[in-house]
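S.K.:
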Amino acid sequence: MRNRSLMGGVFLFAVLSLGIALSGPSYSAEPEKPTAKSKPSAATKSTAKKAPATGAKYQSAETAGKAPTCFGMAPSIDKVSPDEGKAGDKVTITGTNFGNSDCLRSVSFGPGHAATFKIESDSKISATVPSGGRKGLAMLTVTTASGEVSKTFLMK
């Protein structure tokens, strides 16, 4: 008899634990609103005044469905022209699957040296070599939502 009550207790504990885990705390994007009995904290007051009220980016499933898709094939670089330069020089990167402006994340000339860039098309990017890089070979990296690709670039 003792074995059955022990198993029943373990079963009850498992059910209660699972129930609590499944019904755990709920989270909302909306800030908590004070009730009539509670007073908002100083942090709530200051952020409530500073934060502008903004609506959802997409108003319906139909408009969300029309948003650009950023995931797909990883980018590839076919050519960097010129393939060497110094800070301030303009570089044209041609390749495939760069995506649109919502999908292209960054262009860099080595770690920590982000470049300013302009997307000409899905296969062409214009970038400016950033300052602060070391002379020698650097990895020119294009990062999109679908991946990244690198090619060597000679920093003068």
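Numbering (mature numbering (1 follows the signal peptide of the UniProt record, and there is no 0)), first residue to last: -28 to -1, 1 to 128.
Beta carbons: idealized from backbone N, C-alpha and C, even for Gly.
1) From what residue to what residue does the beta strand (DSSP E) around Gly119 run?
2) The beta strand (DSSP E) spanning Ala99 covers which residue range?
3) Put Ala59 into one of helix, strand or coil per three-state DSSP.
4) Output the boundary residues of the beta strand (DSSP E) element that contains Gly108.
5) Per DSSP, Ala86 is paired with what?
6) Relative to the alpha-carbon of Gly119, which residue among Asn69, Asp94, Pro54, Ser95 has its alpha-carbon at the smallest distance?
7) Whose C-beta lies closer than 8 Å to the C-beta of Phe43 among residues of the same chain, with five residues either side of it excluded?
8) With a CB to CB cut of under 8 Å and the five nearest residues on each side skipped, what residues in its chain are close to Ser103?
9) Output the boundary residues of the beta strand (DSSP E) element that contains Ser53.
10) For Ser98 versus Lys90, is the C-beta spacing smaller than 8 Å?
M.R.: Walking through what the data contain:
1) Its beta strand (DSSP E) spans residues 119 to 127.
2) Taken as a continuous stretch (DSSP letters only), the beta strand (DSSP E) holding Ala99 covers 96 to 100.
3) In the displayed model, Ala59 falls within coil according to three-state DSSP, outside both helix and strand.
4) For Gly108, the enclosing beta strand (DSSP E) stretches over residues 108 to 116.
5) According to DSSP, which records beta bridges pairwise, Ala86 is partnered with Ser80.
6) Measuring from the Cα of Gly119, the nearest candidate turns out to be Asn69.
7) Short of 8 Å from the beta carbon of Phe43, and not among the five residues preceding or following it, lie these beta carbons of its own chain, in chain order: Ala117, Ser118.
8) Correct list, in chain order: Ala59, Gly60.
9) Here the beta strand (DSSP E) through Ser53 covers 48 to 53.
10) In this structure, Ser98 lies near Lys90, with their beta-carbon atoms less than 8 Å apart.
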